[in-house]
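**Q**
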Amino acid sequence: MRAYSDNEDLALLSGIDPAKVVLWTWVIAAGLATIAGTLYGLDKSFKPFTYFQLLLPIFAAAIVGGIGNPVGAIAGGFVIAFSEVTVTYAYKKFTGYFGVESEGLLQLLSTDYKFAVSFVILVLVLLVRPTGLFRGKVI
Amino acid sequence: MKSVGLFAAMGLALVAVGLFQSWNVALAILNLSLISAVMALGVNIQWGYAGIFNVGIMGFAALGGMAAVLVAVPPVPAAWSAGGAGIGLAALALAATIGAGVLVVRLMAPGALRKLAMLAVVVLGYGAMRMAYDPAVDAIESVDPAATGYLGGLGLPIVLGWALGGVLAAGVAWVVGKVALGLRSDYLAIATLGISEILIAVMKNEDWLTRGVKNVTGLPRPVPYEVELQRQEWLLTRAADWGMTPGALSGIVVKGMYAFLFALVLAALWPFATTAMRRRRWARMSHGGTCRCLCSALLWWASGGRCW
Numbered sequence: 002m003r004a005y006s007d008n009e010d011l012a013l014l015s016g017i018d019p020a021k022v023v024l025w026t027w028v029i030a031a032g033l034a035t036i037a038g039t040l041y042g043l044d045k046s047f048k049p050f051t052y053f054q055l056l057l058p059i060f061a062a063a064i065v066g067g068i069g070n071p072v073g074a075i076a077g078g079f080v081i082a083f084s085e086v087t088v089t090y091a092y093k094k095f096t097g098y099f100g101v102e103s104e105g106l107l108q109l110l111s112t113d114y115k116f117a118v119s120f121v122i123l124v125l126v127l128l129v130r131p132t133g134l135f136r137g138k139v140i
Numbered sequence: 000m001k002s003v004g005l006f007a008a009m010g011l012a013l014v015a016v017g018l019f020q021s022w023n024v025a026l027a028i029l030n031l032s033l034i035s036a037v038m039a040l041g042v043n044i045q046w047g048y049a050g051i052f053n054v055g056i057m058g059f060a061a062l063g064g065m066a067a068v069l070v071a072v073p074p075v076p077a078a079w080s081a082g083g084a085g086i087g088l089a090a091l092a093l094a095a096t097i098g099a100g101v102l103v104v105r106l107m108a109p110g111a112l113r114k115l116a117m118l119a120v121v122v123l124g125y126g127a128m129r130m131a132y133d134p135a136v137d138a139i140e141s142v143d144p145a146a147t148g149y150l151g152g153l154g155l156p157i158v159l160g161w162a163l164g165g166v167l168a169a170g171v172a173w174v175v176g177k178v179a180l181g182l183r184s185d186y187l188a189i190a191t192l193g194i195s196e197i198l199i200a201v202m203k204n205e206d207w208l209t210r211g212v213k214n215v216t217g218l219p220r221p222v223p224y225e226v227e228l229q230r231q232e233w234l235l236t237r238a239a240d241w242g243m244t245p246g247a248l249s250g251i252v253v254k255g256m257y258a259f260l261f262a263l264v265l266a267a268l269w270p271f272a273t274t275a276m277r278r279r280r281w282a283r284m285s286h287g288g289t290c291r292c293l294c295s296a297l298l299w300w301a302s303g304g305r306c307w
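As given, the protein sequences belong to chains B and E, one line each in that order.
In terms of this note's numbering, the first sequence opens at residue 2 and continues consecutively.
In terms of this note's numbering, the second sequence opens at residue 0 and continues consecutively.
Laid out in structure tokens, this is it:
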């Protein structure tokens, strides 16, 4: 796969079948996405409009971690998920333990803007460190 | 010659729709075509000439719709007195936070201390803004929520919405340009997509400004309503002469007026779009701000008349 991506002609000369490589890349990517989708649905719920909550975080996680780096992809996913929840978490109970009672939920940002968090992180990473946290490729 | 033939075929198709289905449908198709043409001109300038792939065009179109609402709808005095001051305070707090942030960056030497100061400014500023913002939003949204529950607009003629839409779109385009400047093609596509999705999310969720998904209905129009036309004597006699129902004829008249309006806009934009191509200046700006502003202004025009 990497050989084909780096140098198509050379890969052809060494007997790699491009159609097969492309086919299997698609199969693996689709398989991973489907597994993730099933897990997501088991955890939350199966709804047609879920895609919208996942569209930006997926790209953000891949780029934040560093494209072309599997460890980075996992770390990126963790960073995105953690910051999304941190920013939209309702801190009402948390401050209650310190004796500060509040009427509102004390969210830093409304849950409707959850996906915007991942986008902001994405832009910050692109501007500050385009290769991602784990030194992936720059497309 | 080829394009003339293609346009003639398009005209023939429209005439066929008019003859075999109804002229109302034909005019509706024509209006949608004119709007799409203006939108496509914008994409063509940005993607075709300048090579900037902007996926966030629907965000700008949505801004145009919001501008039309904010200009045309009458203001809601009760909501203004309930939460106007709070929103003003929140805006002041936001401006002060940004100002303080800029000062911190300008005045302090880079280092851990500056980062800490920046963090403090952001946390304090955000807290102050929310303290003013939350009660104000609650107050505004509880003012007759079934009918208003938002601040309303300026109550000006809707055609002026084009100007405000242009200004709004240009402002947002400037910010987009700042953020996305220097991002390469794939990243730029994701960034613009994200920005437009955020714009749309803001419009959907900030009920105090746009009523969110409750929608604002009954916008004033630049052309008369069909119901009013059907009370006019001349329309009734014409309809009787031509053997049409007054309803069908009034629909045709209104859609014809819109078609005229949209064609006027397209005609006004056409030289604009073609000179841009001839001068080749746009082609050389690979990541220019002006181009974005121009494009979004065009896009705004595209959506501004859309109230039929």
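The beta carbon of each residue, even a glycine, is placed where N, CA and C say it ideally should be.
The structure displayed is predicted, hence computed values, not measured ones.
With a Cβ-Cβ cutoff of 8 angstroms, do E/Val171 and E/Leu150 count as a contact?
**A** As a working mapping, residue 171 of chain E is identified with position 172 in the second sequence. As a working mapping, residue 150 of chain E is identified with position 151 in the second sequence. Result no, Cβ atoms of E/Val171 and E/Leu150 do not sit closer than 8 angstroms.
**Q** Please state the DSSP three-state secondary structure of B/Ile17.
**A** On the first sequence, position 16 is the one that residue 17 of chain B refers to. Correct three-state label for B/Ile17: coil.
**Q** Is DSSP giving E/Ala49 helix, strand or coil here?
**A** To locate residue 49 of chain E, count along the second sequence from 1; it is residue 50. Here E/Ala49 sits in coil by DSSP.
**Q** Assuming the contact rule is C-beta atoms closer than 8 angstroms, E/Met128 and E/Ala116 should be a hit. Round their C-beta distance to whole Å, please.
**A** Position 129 of the second sequence, counted from the start, is the residue given in the question as residue 128 of chain E. Position 117 of the second sequence, counted from the start, is the residue given in the question as residue 116 of chain E. Incorrect: roughly 18 angstroms between the Cβ atoms, too far for contact.
**Q** Going straight from the alpha carbon of B/Phe83 to that of E/Val75, what length do you get?
**A** Residue 83 of chain B sits at position 82 when you count from the first residue of the first sequence. Residue 75 of chain E sits at position 76 when you count from the first residue of the second sequence. B/Phe83 and E/Val75: Cα-Cα distance of roughly 41 angstroms.
**Q** Between B/Ser103 and the rest of its own chain, which residues show a CB-CB distance below 7 angstroms, the 5 nearest in sequence each way excluded?
**A** Mapped onto the first sequence, residue 103 of chain B falls at position 102. Contacts found: Lys93 and Thr96.
**Q** My assumption, with CB atoms under 8 angstroms, is that B/Gly73 sits in contact with B/Leu134. Please give the rounded CB distance.
**A** Position 72 of the first sequence holds residue 73 of chain B. Position 133 of the first sequence holds residue 134 of chain B. The pair is a contact, with the Cβ atoms about 6 angstroms apart (cut-off 8 angstroms).
**Q** Hey, would you say E/Ala200 sits closer than 8 angstroms to B/Asp113, going by beta carbons?
**A** Here the question's residue 200 of chain E lines up with position 201 in the second sequence. Here the question's residue 113 of chain B lines up with position 112 in the first sequence. Contact flag set, yes.
**Q** From what residue to what residue does the alpha helix (DSSP H) around B/Ser84 run?
**A** One-based indexing of the first sequence puts residue 84 of chain B at position 83. Counting along the chain, the alpha helix (DSSP H) containing B/Ser84 begins and ends at Pro71 to Thr89.
**Q** Please classify E/Trp241: is it buried, with 16 or more other beta-carbons within 10 angstroms of its beta-carbon, or exposed?
**A** Within the second sequence, numbered from 1, the residue matching residue 241 of chain E stands at position 242. So E/Trp241 counts as exposed.
**Q** Does B/Val124 have its Cβ less than 8 angstroms from a Cβ in chain E?
**A** Sequence index remark: in the first sequence, residue 124 of chain B carries index 123 (1-based). Judged by the 8 angstroms Cβ criterion, B/Val124 is in contact with chain E.
**Q** Is the separation between the beta-carbon of E/Ala258 and that of E/Leu33 shorter than 8 angstroms?
**A** Here residue 258 of chain E is taken as the residue at index 259 of the second sequence, counted from 1. Here residue 33 of chain E is taken as the residue at index 34 of the second sequence, counted from 1. Result yes, Cβ atoms of E/Ala258 and E/Leu33 sit closer than 8 angstroms.
**Q** Does the beta-carbon distance from B/Gly105 to E/Asp133 come in below 8 angstroms?
**A** In the first sequence, residue 105 of chain B corresponds to position 104, counting from 1. In the second sequence, residue 133 of chain E corresponds to position 134, counting from 1. For B/Gly105 and E/Asp133, yes; Cβs fall inside 8 angstroms.
**Q** Taking E/Leu182 as the query, report the chain B residues whose CB atoms sit under 7 angstroms from its CB, ordered along the chain.
**A** Position 183 of the second sequence holds residue 182 of chain E. Those are Leu127, listed as they occur along chain B.
**Q** If you reduce the DSSP assignment to three classes, tell me which class B/Gly100 lands in.
**A** Taking the first residue of the first sequence as 1, we reach residue 100 of chain B at position 99. DSSP places B/Gly100 in coil when its eight states are reduced to three.
**Q** Could you tell me whether the Cβ atoms of E/Val136 and E/Trp79 are closer together than 8 angstroms?
**A** To locate residue 136 of chain E, count along the second sequence from 1; it is residue 137. To locate residue 79 of chain E, count along the second sequence from 1; it is residue 80. Not a contact, by the Cβ cut-off of 8 angstroms.
**Q** For chain E, is any of its Cβ atoms less than 8 angstroms away from the one on B/Leu57?
**A** Mapped onto the first sequence, residue 57 of chain B falls at position 56. By this cut-off, B/Leu57 is an interface position.
**Q** Please tell me whether E/Ile194 and E/Gly55 are closer than 8 angstroms, where the distance is taken between their beta carbons.
**A** Translated into positions along the second sequence, residue 194 of chain E becomes position 195. Translated into positions along the second sequence, residue 55 of chain E becomes position 56. Yes. Within cutoff.
**Q** So for B/Pro49, helix, strand or coil by DSSP?
**A** Against the first sequence, residue 49 of chain B aligns to sequence position 48. Helix, per DSSP.
**Q** What does a CB cutoff of less than 7 angstroms around E/Ala238 pick up in its chain, not counting 5 residues either side in sequence?
**A** As a working note, residue 238 of chain E is residue 239 in the second sequence. So the qualifying residues of the chain are Thr244, Pro245 and Leu248.
**Q** What residues in the region 195-220 of chain E bring their beta carbon closer than 9 angstroms to a beta carbon of chain B?
**A** Listed by position along the chain: Glu196, Ile197, Ala200, Val201, Lys203 and Asn204.
**Q** Examine chain E for any beta-carbon lying closer than 8 angstroms to the beta-carbon of B/Tyr52, and answer yes or no.
**A** As a first step, residue 52 of chain B is located in the first sequence; it is residue number 51 there, counting from the start. No, B/Tyr52 lies away from the interface with chain E (no Cβ there is under 8 angstroms from its Cβ).
**Q** Looking at the strands, I want to know which residues DSSP matches up with E/Gly151.
**A** Here residue 151 of chain E corresponds to residue number 152 of the second sequence, with the count starting at 1. According to DSSP, E/Gly151 bridges with E/Pro74.
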